Amino acid sequence: MPLQPTPCEPWPFEPDCCQLSEDTPQEKIDKWRRVATNLLWALSGRRWGPLCPITVRPCRRSCLDDYAGAVRWGTAGPWIPYLGRDGKWRNARVCGCRSDCSCTELCEVRLEGPVHDIVSVQIGGETLDPAAYRVDAAGLLVRTDGGCWPDCQDMAAPCGEAGTFCVTYRMGLPLDEAAIAAFSALVCHLVKGCGGASCGCNLQRNRNVSRVSRQGVDLEFQDPTAMYADLRTGLPEVDSWLVAVNPYRQPSVSRVWSVDYRRPRTTTNP
141 MPLQPTPCEP
151 WPFEPDCCQL
161 SEDTPQEKID
171 KWRRVATNLL
181 WALSGRRWGP
191 LCPITVRPCR
201 RSCLDDYAGA
211 VRWGTAGPWI
221 PYLGRDGKWR
231 NARVCGCRSD
241 CSCTELCEVR
251 LEGPVHDIVS
261 VQIGGETLDP
271 AAYRVDAAGL
281 LVRTDGGCWP
291 DCQDMAAPCG
301 EAGTFCVTYR
311 MGLPLDEAAI
321 AAFSALVCHL
331 VKGCGGASCG
341 CNLQRNRNVS
351 RVSRQGVDLE
361 FQDPTAMYAD
371 LRTGLPEVDS
381 WLVAVNPYRQ
391 PSVSRVWSVD
401 YRRPRTTTNP
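The sequence shown begins at 141 in this note's numbering and counts up one residue at a time.
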């Protein structure tokens, strides 16, 4: 089951174009900020953050994970059989985790992403300096101080004890100006609708009305049930952002699973 944290804090709110009355209670604004955060996070595919911090116990990628046919001869180290261009089989020795892009050993662990930021990295109870690592795309936590991540750890011991390796981080894509503008528009709509004192958008009214006729004037409205089925809100500022970031209305981020990938362990109870 994939990690699926939720937002802990409301997104940034810019009330510049909202024109809320000065006597609007801050508690009401904060409440609808939390509601709007969860709504937009879900409607946008559950990818935007930052989300609540999670702590995982990673498994470092071995140098031979990509070589299913690796064998060892005595104590001479790992050897990889390969077929040369001349048609003869030979044994190639692997010295460090190298690739076609890295000339030196690259020590890294994979975190489920998108990774928003790293809160802390603890090895044996000691917290590493943030300058000792970096995050590369696809959720790779790379060691940069010349050291390497532990090959194994004591999974029975709690984080912070000797022999443990724990990473605390937050998931989620960073919010840009378009996301903040869409969020602010939704918060403004919810706050005004709850109050019932502005712009005729009171949410307490009949929200399923599709046609109104009065004094020779006919008004037709979009069917709200169809709009909600399309994961839209009816607010142009909000829906334009949703169309841009989630055009296919995916409920969550797509994932590709590999039976060979060892996912980080996380404790769920207690």
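Using N, Cα and C, we set each Cβ at its ideal position, and we do this for glycine too. Quick caveat: nothing in here was measured; it's all calculated off a predicted structure.
Which of helix, strand or coil DSSP assigns to residue i
{"i": "S380", "result": "helix"}
{"i": "C306", "result": "strand"}
{"i": "D276", "result": "strand"}
{"i": "L315", "result": "coil"}
{"i": "D358", "result": "strand"}
{"i": "E248", "result": "strand"}
{"i": "W289", "result": "coil"}
{"i": "S394", "result": "coil"}
{"i": "L170", "result": "What sits at residue 170 in the sequence shown is Asp, not Leu. D170 falls in the helix class under three-state DSSP."}
{"i": "T284", "result": "coil"}
{"i": "R212", "result": "Any reading at R212 must be qualified, since the residue scores a pLDDT of 38, below 50, and its modelled position is unreliable; the value itself is stated next. In this structure, R212 counts as strand in the three-state DSSP scheme."}
{"i": "W181", "result": "helix"}
{"i": "Q324", "result": "Here residue 324 is Ser; the residue named in the question, Gln, does not match the sequence. The answer is helix: DSSP assigns S324 an H, G or I state."}
{"i": "T195", "result": "strand"}
C-beta atoms of residue i and residue j nearer than 8 Å
{"i": "L179", "j": "M311", "result": "no"}
{"i": "F153", "j": "R174", "result": "no"}
{"i": "S324", "j": "C158", "result": "yes"}
{"i": "H329", "j": "L359", "result": "no"}
{"i": "D370", "j": "R389", "result": "yes"}
{"i": "R197", "j": "P404", "result": "yes"}
{"i": "V393", "j": "S184", "result": "no"}
{"i": "R250", "j": "G279", "result": "yes"}
{"i": "R283", "j": "A272", "result": "yes"}
{"i": "L315", "j": "W397", "result": "no"}
{"i": "E248", "j": "A321", "result": "no"}
{"i": "T177", "j": "P150", "result": "yes"}
{"i": "L313", "j": "P254", "result": "yes"}
Residue i classed as buried or exposed, judged by whether at least 16 other C-beta atoms fall within 10 angstroms
{"i": "T215", "result": "Note that T215 scores 39 on pLDDT, short of 50, meaning its location in the model is unreliable and no value can be drawn from it."}
{"i": "P387", "result": "exposed"}
{"i": "L382", "result": "buried"}
{"i": "E252", "result": "buried"}
{"i": "G236", "result": "With a pLDDT of 39 at G236, under the threshold of 50, the modelled position of that residue is not reliable, and no figure is offered here."}
{"i": "P391", "result": "exposed"}
{"i": "S355", "result": "Rather than Ser, the amino acid found at residue 355 in this sequence is Gln. Exposed: under 16 other Cβ atoms inside 10 Å."}
{"i": "Q293", "result": "buried"}
Spatial neighbours of residue i in its chain, beta-carbon cut-off 8 Å, leaving aside the 5 residues before and after
{"i": "G300", "result": "Q262, G265 and C306"}
{"i": "I194", "result": "L143, P145, T308, Y309, R310, M311 and T406"}
{"i": "L160", "result": "I169, C328, V331 and K332"}
{"i": "V259", "result": "P193, T308, Y309 and R310"}
Nonlocal neighbours in the same chain, by C-beta distance under 6 Å from residue i, ignoring five residues either side
{"i": "R372", "result": "D379"}
{"i": "D257", "result": "R310"}
{"i": "D285", "result": "A272"}
{"i": "A318", "result": "W381"}
{"i": "C148", "result": "C192"}
Neighbourhood of residue i by C-beta distance below 7 Å, restricted to the same chain and skipping five residues each side
{"i": "A297", "result": "G303 and T304"}
Closer than 8 Å to chain B by CB, residue i
{"i": "A322", "result": "The structure shown contains no chain B, having only a single protein chain."}
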